[in-house]
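Using the UniProt record's numbering, the first residue of the sequence shown is number 1, and each one after it goes up by one.
We put the CB at the ideal spot given by N, CA and C, even for glycine.
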Amino acid sequence: MVLSSVLGFPRIGPNRELKKITEAYWGGKASVDELLQVGKELRAANWKRQKDAGVDIIPSNDFSYYDQVLDLSLLFNVIPDRYRKYDLPLIDTLFAMGRGLQRPATGSSPAVDVPALEMVKWFDSNYHYVRPTFSHSTQFKLNGNKPVDEYLEAKAQGVETRPVILGPVSFLFLGKADRDSLDLDPISLLPKLIPAYVELLKKLAAAGAKSVQIDEPVLVLDLPQNVKAAYKTAYEAIGKESGIPSIILASYFGDARPNLDAVKGLPVAGFHYDFVRVPQQLDEVAAALNSNQVLSVGVVDGRNIWKTDFSKALKVIEDAKAKVGADRVIVATSSSLLHTPVDLENEKKLDAQIKDWFSFATQKLGEVVVLAKAATNGQQSVAKEFEENAKSIASRANSNITNDPAVRQRLGAVTDADKKRKSPFPQRLAAQKKTLNLPLFPTTTIGSFPQTPEIRIQRNKFNKGEISAEEYEKFIQKEIQEAVKFQEEVGLDVLVHGEPERNDMVQYFGEQLQGFAFTTNGWVQSYGSRYVRPPIIVGDVSRPKAMTVKESQYAQSLTKKPMKGMLTGPVTILRWSFPRNDLSDKEQCQQLALALRDEVNDLEKGGVYVIQVDEPAIREGLPLREGKERSDYVQWAPESFRLATSGVQDGTQIHSHFCYSDLDPAHIKALDADVVSIEFSKKDDSKYIQEFSNYPNHIGLGLFDIHSPRVPPQDEFEQRIRDIVGVYPKENLWVNPDCGLKTRKWDETKKQLTNMVNAAKVYRQKYSA
Ligand code: GLN
Ligand code: ZN
1 MVLSSVLGFP RIGPNRELKK ITEAYWGGKA SVDELLQVGK ELRAANWKRQ
51 KDAGVDIIPS NDFSYYDQVL DLSLLFNVIP DRYRKYDLPL IDTLFAMGRG
101 LQRPATGSSP AVDVPALEMV KWFDSNYHYV RPTFSHSTQF KLNGNKPVDE
151 YLEAKAQGVE TRPVILGPVS FLFLGKADRD SLDLDPISLL PKLIPAYVEL
201 LKKLAAAGAK SVQIDEPVLV LDLPQNVKAA YKTAYEAIGK ESGIPSIILA
251 SYFGDARPNL DAVKGLPVAG FHYDFVRVPQ QLDEVAAALN SNQVLSVGVV
301 DGRNIWKTDF SKALKVIEDA KAKVGADRVI VATSSSLLHT PVDLENEKKL
351 DAQIKDWFSF ATQKLGEVVV LAKAATNGQQ SVAKEFEENA KSIASRANSN
401 ITNDPAVRQR LGAVTDADKK RKSPFPQRLA AQKKTLNLPL FPTTTIGSFP
451 QTPEIRIQRN KFNKGEISAE EYEKFIQKEI QEAVKFQEEV GLDVLVHGEP
501 ERNDMVQYFG EQLQGFAFTT NGWVQSYGSR YVRPPIIVGD VSRPKAMTVK
551 ESQYAQSLTK KPMKGMLTGP VTILRWSFPR NDLSDKEQCQ QLALALRDEV
601 NDLEKGGVYV IQVDEPAIRE GLPLREGKER SDYVQWAPES FRLATSGVQD
651 GTQIHSHFCY SDLDPAHIKA LDADVVSIEF SKKDDSKYIQ EFSNYPNHIG
701 LGLFDIHSPR VPPQDEFEQR IRDIVGVYPK ENLWVNPDCG LKTRKWDETK
751 KQLTNMVNAA KVYRQKYSA
């Protein structure tokens, strides 16, 4: 019999219950008991959902109040001393590590002030995990019993579960050395860590767990030799123990083949692999199994919202059965369902035809169950489900939403010349000097100005139909007027309109483009209590009409200074949406690029001669492994940007902006933007200043942290400019903040920008004299 299995379920609740209660707890409006109670209810509801759906192998310990990796740090006592000295309860230590804690002294308890641990992206997803942070002094031991408690909790509810834990190799490799132990290679801690895993596994077995899912997702990365070797060390040591549950070692999000030699022959009960991402790995991963090991076949996509194509998935499962035997195959989700919204049934406003193409976490449960049945009893046993599925898949494939001949034709006609500016940078610069007439060290901002409560109120009213389009437009115009006036007073050189009309930098464009769909409740956890609601690219993308010209043109009409038009780039729109799975990322990105190209050209026609196209997500799109996929990406991603921006005259200045990721200067250079701005203020390392010094065009390194209300004094700005001027040609430099200012307050921003502008003036004077 082929069993069905789920690797993890979203914990946020169908109506963001987890966010509401954790934020209430942080704000002092809910007690710890209330918090724990909601957690318990959410877990119970998730187990019930899965059991009701008929899933055979249901996970536990996939719940977390913040992040499952952080939970493990806490469980294994990987808690830097700075979080210990306040004697906080465990749950508050968790939140302090995840988000920092600042609290004034009260009565007998002293003031608390600790920043958060580093948070980074979980592989190539938009989920962020808190990095395990190790020191020489780290003492591994079990701190609490979360996995065991949750296993027993499910059991008491009558649900037998398979606990999930991140494995030791991934836990160490995804972590880092703390600042007091910079010479430490976390993987060297493995021998000390293994006993803690063994102890945990024994406790789970003693509680009754027969099987555990140990996630080792780093298996899909390029691994140094010592990390590869760590698999053997870890799992042979664990395998020697008696009284532990059987282990399914799970990898996902990529190709495990290059590291198969590291896990072949390990004493585990079986392996899980992602066949949505890499169906072609079946032969090799099957061949690497021992004769008694099971193969968990991930065929239901845990990273996207599309209905599974049953006949395609069944074919993979049948292939697997033929290779290893029916009794050794498990049908599974490709990864945890954490990355998908909870329930499609909560979407009341989606177009019925499009809705039928989707499958959210709850619907995916049904999919694994049907596929496991088909694999066990034959497709006829679920004939009706297969028939409906085939109809829905065909309706999508044949829909004129997914196939727009005009878009295809236009893309087919794109030439190399379309992806290149008319002249090289020096000529463009000369033309731009004439059109823009900017001083040395020109000052600008990254686009958004404070999104005040008033803006949100008016937007809500407009969305609910309580105010008319005209009234709303009047309101936006007033906001733009104020932003322009503010910038003139502060003395900035290149102004922006402030983005008051935008709810979100991707959604705003998606809503105006053909080919997108939106959910009302499709939340996915990004980090902690921050959830996002990604737009969905359902079909070929085009731009029915101008999206931003009205606002930018209006803003330009209010000032003699140059106004900077503001767009989100094609790569970033793609990355922060649910992409199609029936068209390559490259083609989707090019379609977006063409739509944006029209917008860029229309801005220019409308008299806006500085245009910024933001690409903050360009780094996270980089494929996880070196190789062809990556070398292709570093071609097509910048090419899409250039396709979007190369329709303009030499005298029009193209800007781009990047933040909060480890950028590769070579990739930025390939965009050939006239000016780039890069987040920089927290990278005080002198090494980092050098990094972009070869950038041939103009550049602004962000001079202050937009996340903080702190106002750096003018001499601090001058010091930063001095450091940069020592490394970059002064003619190339711009002066700007790290990123957009939407989360700040106007008075803070005024002080910050005034000091920034005055510091730029000091240098301008110094070098013009
Ligand atoms: N133009 C955007 C803003 O200022 C850029 C945001 C971003 O880089 N994440 O808000
Ligand atoms: Zn930014």
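Compute the Euclidean distance between the alpha carbons of residue i and residue j, then round it to the nearest angstrom.
{"i": "R408", "j": "G158", "result": "54 Å"}
{"i": "E679", "j": "F123", "result": "21 Å"}
{"i": "V227", "j": "T652", "result": "50 Å"}
{"i": "R421", "j": "K730", "result": "24 Å"}
{"i": "G498", "j": "A483", "result": "6 Å"}
{"i": "K478", "j": "F462", "result": "15 Å"}
{"i": "P279", "j": "E551", "result": "47 Å"}
{"i": "D67", "j": "V130", "result": "7 Å"}
{"i": "R459", "j": "R502", "result": "9 Å"}
{"i": "N126", "j": "N292", "result": "36 Å"}
{"i": "T340", "j": "M547", "result": "29 Å"}
{"i": "I393", "j": "T308", "result": "8 Å"}
{"i": "G565", "j": "K761", "result": "24 Å"}
{"i": "Y197", "j": "V78", "result": "13 Å"}
{"i": "E160", "j": "V55", "result": "11 Å"}
{"i": "E581", "j": "P534", "result": "Reading off the sequence shown, one finds Asn at residue 581, where the question assumed Glu. Their backbone Cα atoms lie some 15 Å apart in a straight line."}
{"i": "K742", "j": "K433", "result": "30 Å"}
{"i": "A234", "j": "E387", "result": "46 Å"}
{"i": "A229", "j": "L189", "result": "13 Å"}
{"i": "V648", "j": "I480", "result": "25 Å"}
{"i": "A24", "j": "R530", "result": "14 Å"}
{"i": "Y695", "j": "P195", "result": "49 Å"}
{"i": "P258", "j": "D283", "result": "13 Å"}
{"i": "L18", "j": "Q752", "result": "35 Å"}
{"i": "M505", "j": "N143", "result": "41 Å"}
For residue i and residue j, which I take to be in contact (beta-carbon distance under 8 Å), what is that distance rounded to the nearest angstrom?
{"i": "S334", "j": "Y252", "result": "6 Å"}
{"i": "residue 799", "j": "S577", "result": "As shown, the chain starts at 1 and ends at 769. That puts residue 799 outside it, with no answer to give."}
{"i": "V613", "j": "L624", "result": "Not quite, the Cβ-Cβ distance comes to about 26 Å (not below 8 Å), so this is no contact."}
{"i": "T106", "j": "L117", "result": "Incorrect: roughly 25 Å between the Cβ atoms, too far for contact."}
{"i": "L193", "j": "L172", "result": "7 Å"}
{"i": "D255", "j": "Q281", "result": "6 Å"}
{"i": "I330", "j": "S5", "result": "5 Å"}
{"i": "H128", "j": "Y527", "result": "4 Å"}
{"i": "V382", "j": "V370", "result": "5 Å"}
{"i": "L492", "j": "Y767", "result": "Not a contact, Cβ separation roughly 19 Å."}
{"i": "P10", "j": "A361", "result": "5 Å"}
{"i": "residue 773", "j": "L513", "result": "There is no way to answer for residue 773, as the model of the chain reaches only from 1 to 769."}
So what does residue i bridge to, in DSSP terms?
{"i": "G298", "result": "D274, A332"}
{"i": "I537", "result": "F516"}
{"i": "D215", "result": "L166, A250"}
{"i": "R530", "result": "Y527"}
{"i": "D178", "result": "According to DSSP, which records beta bridges pairwise, D178 is partnered with nothing at all."}
{"i": "I57", "result": "S5"}
{"i": "H128", "result": "K121"}
{"i": "L88", "result": "Paired residues: none, contrary to the question."}
{"i": "L733", "result": "I699"}
{"i": "G498", "result": "S448"}
Using 7 Å as the limit for Cβ to Cβ distance, is residue i near chain B?
{"i": "A644", "result": "Absence of chain B from the displayed structure is noted, only one protein chain being present."}
Worksheet entry | contact_flag[the stretch 590-608, the stretch 559-571] where n(CB pairs < 8 Å) is 3 or more | yes
Worksheet item: Is the number of C-beta pairs between the stretch 206-226 and the stretch 89-100 that are closer than 8 Å three or more?
Response: no
Item to complete: Could you tell me whether the stretch 205-212 touches the stretch 159-173, where touching means 3 or more Cβ pairs closer than 8 Å?
Response: yes
Discussion item. Does the contact criterion of 3 or more C-beta pairs under 8 Å hold for the stretch 692-707 versus the stretch 664-679?
Written reply: yes
Worksheet entry | Cβ contact (3+ pairs, closer than 8 Å) linking the stretch 714-721 and the stretch 635-647 | no
Fill in: the stretch 618-631 / the stretch 229-248 touching (three or more Cβ pairs under 8 Å)
no
Item to complete: Jot down the residue ranges of each uninterrupted beta strand (DSSP E) in the stretch 631-703, minimum 3 residues, whole runs only, in chain order.
Response: 653-658, 675-678, 698-701
Worksheet item: Using 8 Å as the threshold, is the stretch 101-115 in touch with the stretch 142-160, meaning 3 or more CB pairs across them?
Response: no
Item to complete: Check whether the stretch 722-741 touches the stretch 441-448, counting contact only when three or more Cβ pairs, one atom from each stretch, lie closer than 8 Å.
Response: yes
Worksheet entry | the stretch 552-563 / the stretch 487-495 touching (three or more Cβ pairs under 8 Å) | yes
Worksheet item: Are there three or more Cβ pairs, one per stretch, closer than 8 Å when the stretch 33-49 is compared with the stretch 74-87?
Response: no
Worksheet entry | alpha helix (DSSP H) segments (min. 4 residues) lying fully within the stretch 362-408 | For the stretch 362-408, whole alpha helix (DSSP H) runs of length 4 or above, ordered along the chain, are 383-398.
Discussion item. Report the start-end ranges of each beta strand (DSSP E) in the stretch 545-622 that is 3 residues or longer and not cut off at the edges.
Written reply: 563-568, 610-614
Worksheet item: Counting only runs that start and end within the stretch 298-328, where is the alpha helix (DSSP H) found for 4 or more residues in a row?
Response: Complete alpha helix (DSSP H) runs here, min 4: 310-324.
Practice prompt. Evaluate contact between the stretch 395-402 and the stretch 44-54, counting only Cβ atoms and requiring at least three cross-stretch pairs below 8 Å.
Written response: Contact between the stretch 395-402 and the stretch 44-54 is not established, with fewer than three Cβ pairs separated by less than 8 Å.
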